[in-house]
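Report on one structure; see the data block that follows.
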Amino acid sequence: MSFALASSLRSSSFPFPLPLPLTPRSTRMASALSNDCKLTSFAPPSSSRTDRRLPILLFDIMDTIVRDPFHQDIPAFFGMPLKELIACKHPAAWIEFEKGVIDEMELARKFFKDGRPFDLEGLKTCMRRGFSYLEGMEELLQELKENGYEIHASTNYPIWYKMIEEKLKISRYLSWTFCSCTTGKRKPDRDFYLDALQHLKVDPPSCVFIDDRPRNVEAALEVGIVGIQFKSADLLRHDLSEIGIDFSANKHSRSQTQLKLSKDQAS
Ligand SMILES: Nc1c(NC[C@H](O)[C@H](O)[C@H](O)COP(=O)(O)O)[nH]c(=O)[nH]c1=O
Ligand SMILES: [Mg+2]
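So that you can map any letter, position 196 of the sequence shown is 196 in full-length UniProt numbering, and since no number is skipped, the others follow by simple counting.
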C-alpha cells in the first residue's frame, strides 16, 4: 500500500489492515531493539470509541518539545559544571520529586547530598526562563492538532511541569496525561507504558511514542508501541509522514499571525 493511501485512511477505515512501512530512521530504532515490535499495522482500538483518529500520539516533553534547562542553565545557576553538580546532588531526590513521592520543600532540603541550603525560588525562576519550545515543535504540534490527532504528554517530570504549562501553554496542543509526578511511574519502567495503554484503552500498535532518549523508545517498542527517537522537528515530521501521519489539513489556510500571537502570549 502506498504512503498516499496510508495517509488518507482514517480510524473510521479500520479494521482494514494498514501496512505501515517504517522509515529507515524509525526502522533502525525498531529493528535494532526488537524485531518482534516492528509495526505492520495500526490495530483497531480495543475500546468502543469510534471517533478517535489513530494512531494516538504520546510525546515526551523535555528535550523533545521543550528545551531542558538542566544541562546548561542549572549548572550556571549553581556556578559549577554539570559534572560537578551531579556529583554533589543527592542521588535520589530529583527522581523522588519526579515521582511525586516528595514535595518541593523536601526536595530543597535534600537537593544536595550534604544538605547545603540554596535559593529554591531562584532555581525555579532560572528553570522558568530556560523553558522554550524546541525549534519547529510548536508548529508541528499545531499541525498534528489541526489534523485531528489525540496527543498526550508522556513525561518524567515533577509538579514543576505546571511552570512549563504556564509559560508555553502546551495544553493548547496536548493533554498532560502521563506525567510521572501524577502517575507515580517513570519511563522506562514497563508499567509506565502499560498504564498508559490501559488508560487510553487502545492496543499498543495504535500508539506512537516519541522521545529523545533511546532507552525510553526501546521500552515503548518492548510493549508493542510504535517508537520514534526524536532528533529534530524536521526529521520527526519526515518519520511521522512515512508511517502515515497526515499533515494535510489547513496547510494553506493556517494563520501565521495566530501562531505568532500565541507565541507572544507565552513569552
Ligand atoms: N532538573 C533536574 C534534572 N533534570 C533532568 C531531566 O531533564 C528531567 O528531569 C527529566 O527526567 C527528563 O525526562 P524525559 O526523559 O525527558 O521524560 N535532573 C536532575 O537530576 N536534577 C534536576 O534538578
Ligand atoms: Mg526527554
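Cβ atoms here follow ideal geometry from the backbone N, Cα and C, with glycine treated the same way. Please read these numbers as outputs of a predicted model, since none were measured by experiment.
Next item on the list: Whole angstroms is fine: what's the gap from residue 250's alpha carbon to residue 146's?
Entry: The residue labelled residue 250 in the question sits at position 250 within the sequence shown. The residue labelled residue 146 in the question sits at position 146 within the sequence shown. Their backbone Cα atoms lie some 7 Å apart in a straight line.
Check: By the 10 Å Cβ neighbour count, where 16 or more other Cβ atoms means buried, how is residue 166 classified, buried or exposed?
Finding: Locating residue 166 in the sequence shown gives position 166, where the first residue counts as 1. Classification for residue 166: exposed.
Next item on the list: Could you work out which residue in 169, 184 and 207 is closest to residue 96 when comparing CA atoms only?
Entry: Sequence index remark: in the sequence shown, residue 96 carries index 96 (1-based). Of 169, 184 and 207, the residue nearest in Cα terms is 184.
Margin query: In whole angstroms, give me the CA-to-CA distance for residue 248 and residue 242.
Written below: Mapped onto the sequence shown, residue 248 falls at position 248. Mapped onto the sequence shown, residue 242 falls at position 242. So the two alpha carbons sit approximately 13 Å from each other.
Margin query: For the region 138-145 against the region 161-181, do three or more pairs of beta-carbon atoms, one drawn from each stretch, fall closer than 8 Å, so that the two count as touching?
Written below: yes
Check: In this structure, does DSSP put residue 248 in helix, strand or coil?
Finding: What you label residue 248 is simply residue 248 of the sequence shown in a count that begins at 1. Note: residue 248 maps to coil in three-state DSSP.
Note to self: Beta-carbon distances below 6 Å to any heavy atom of ligand 2 define the shell here; list its residues in chain order, please.
What the structure shows: 60, 62, 63, 64, 211, 212 and 213
Checklist line | Test item: CB-CB of residue 98 and residue 180 under 8 Å | finding: The residue you call residue 98 lines up with position 98 of the sequence shown. The residue you call residue 180 lines up with position 180 of the sequence shown. For residue 98 and residue 180, yes; Cβs fall inside 8 Å.
Notebook entry, point to check: Any idea if residue 130 is buried or exposed, counting beta-carbon neighbours within 10 angstroms, 16 or more meaning buried?
Noted result: By one-based count along the sequence shown, residue 130 stands at place 130. Residue 130 should be labelled buried.
Check: Since residue 153 sits in a beta bridge, which residues does DSSP pair it with?
Finding: Sequence index remark: in the sequence shown, residue 153 carries index 153 (1-based). Per DSSP, 59.
Next item on the list: Within 10 angstroms of the Cβ of residue 162, are there 16 or more other Cβ atoms? Answer buried if so, exposed if not.
Entry: Numbered from 1 along the sequence shown, position 162 holds the residue referred to as residue 162. Flag for residue 162 reads exposed.
Margin query: Taking DSSP's pairing of strands, which residues face residue 53 in a bridge?
Written below: By 1-based counting over the sequence shown, the position of residue 53 is 53. DSSP, once it has assigned bridges, lists 149 as partnering residue 53.
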